[in-house]
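Okay, structure first, notes after.
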Amino acid sequence: MKNLISTAHLHLIADVLKKSRFFSLAFWEIQLSELHESGEDYLEAILRLKEENGVARSVDVAKRLGVSKPSVSRAMSILGENGYITTGHIGSLELTEKGQKKAESVYARHVLLTDFLVKITGVDKAHAEENACRIEHDIDEDIKDGIQKWMEQNK
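The working numbering runs 28 ahead of the 1-based position in the sequence shown.
Quick look at the structure:
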């Protein structure tokens, strides 16, 4: 399910609520701390760009994901605020330990699901990869583990 409210809007709402004594911020703080699908996509793109080119820059992320440079800039700001990335001395995007761990986890799910879809459906890798990209954000850990176990048993 797509989020109906952006992280930027949640931050704005949280700021307003912080000034009020009548609302609990627990819900908003939880929402703001979660990494959503688009954040996972950005982290995965940074990881893959660094593996392929040795460096990841905002312009490269924009090109890979097919989004605007301002969208990447906003996303990098949010990911930086939440401790997933830093910006290097030449404008390169660097994953923190937390960001690296999350990016590797997302990419591992992506690879597993791509391989699984190719194996069980017989579709080409590009088609499977498109679908895996949509599935990887919503799949439960126990389902992922079951797919992984099945793949190991059916090499």
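For glycine and all other residues, C-beta sits at the position ideal for the given N, C-alpha and C.
Computed from a prediction, not measured in an experiment: that's the story for all the values here.
May I have the straight-line CA-CA distance separating residue i from residue j, to the nearest angstrom?
| i | j | result |
| --- | --- | --- |
| I74 | E122 | 8 Å |
| R76 | H165 | 17 Å |
| D143 | S133 | 16 Å |
| Y112 | T124 | 5 Å |
| V151 | E80 | 25 Å |
Using DSSP bridges, identify the partner residues of residue i.
| i | result |
| --- | --- |
| E122 | T114 |
| R85 | S120 |
My output table needs one value for residue i: the three-state DSSP class, helix, strand or coil.
| i | result |
| --- | --- |
| V134 | helix |
| I167 | coil |
| S96 | coil |
| D173 | helix |
| V146 | helix |
Below 8 Å on the Cβ atoms is my contact criterion, and I expect residue i with residue j to pass it. Report the Cβ-Cβ distance as a whole number of Å.
| i | j | result |
| --- | --- | --- |
| S86 | V95 | Not quite, the Cβ-Cβ distance comes to about 10 Å (not below 8 Å), so this is no contact. |
| K206 | A84 | In the structure displayed, the chain extends from 29 to 183; residue 206 sits before or after that span and is not available. |
| I171 | L141 | That pair is no contact at about 10 Å. |
May I ask you to verify whether the region 121-133 touches the region 156-166, counting CB pairs closer than 8 Å and requiring at least 3? no
Examine the Cβ distances between the region 84-104 and the region 65-74 and report whether three or more of them are shorter than 8 Å. yes
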